[in-house]
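Residue numbers (our numbering): 1 to 199. C-beta atoms are modelled at their ideal positions from N, C-alpha and C, and glycine is treated no differently. Note that the coordinates shown come from a computational prediction; the quantities given were computed from them, not determined experimentally. Here's the structure we're looking at; comments come further down.
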């Protein structure tokens, strides 16, 4: 799966910025961002999680995976049939075991070369998914969508970076910077929609 080099990433940022100016639906912008960063980084899969229930829960709203032929949520029509991890433990404390929930609570990105070898996170859900689909989730790039008031609207996660020859790769610091730039635009899209929806 070819990646997009740094020289060609700026036009993609400009394209998203233009879409942001024209598109009133933040979810459409977010879907375009996911497709864009997935292609640019050579990721095999990508997902979007949104904050729901007044900040108490996560909802997995969009899921893409090339190797498994998965296109769920958003304009793809088929509903996402996987549960998002809980944001909080049963005792009400923040869930730090899930990398997605951790990104929400810390407001920081997490880049992992091999999830199975990562310390401090519980990837039991990923392992179960892998076993059910004969898949191997390896590299992860998980980025919170944080607005200008430091509120988290959701999380964008990419899975399994691929080298240009199609072999397993890892996400780079440059990939992380690029994805963070586009998730910042996603946050602006949500702020814009809140203004539009305000009575």
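DSSP bridge partner residues for residue i (one or two, in chain order)
{"i": "residue 167", "result": "Residue 167 pairs with nothing; no bridge assigned."}
{"i": "residue 112", "result": "140"}
{"i": "residue 47", "result": "63, 157"}
{"i": "residue 162", "result": "168"}
Burial state of residue i (16 or more Cβ within 10 Å)
{"i": "residue 90", "result": "exposed"}
{"i": "residue 138", "result": "buried"}
{"i": "residue 116", "result": "exposed"}
{"i": "residue 157", "result": "buried"}
{"i": "residue 31", "result": "buried"}
{"i": "residue 55", "result": "exposed"}
{"i": "residue 24", "result": "exposed"}
Three-state class that DSSP yields for residue i in the structure shown
{"i": "residue 135", "result": "coil"}
{"i": "residue 93", "result": "coil"}
{"i": "residue 85", "result": "coil"}
{"i": "residue 67", "result": "coil"}
{"i": "residue 151", "result": "coil"}
{"i": "residue 56", "result": "coil"}
{"i": "residue 146", "result": "strand"}
{"i": "residue 77", "result": "coil"}
{"i": "residue 107", "result": "coil"}
Nearest residue (CA-CA) to residue i, options the options
{"i": "residue 80", "options": "185, 86, 72", "result": "72"}
{"i": "residue 168", "options": "174, 59, 25, 67", "result": "67"}
{"i": "residue 125", "options": "44, 85, 191", "result": "85"}
Spell out a yes or no on whether the region 145–161 and the region 176–187 are touching, meaning 3 or more CB-CB pairs, one atom from each, closer than 8 angstroms. yes
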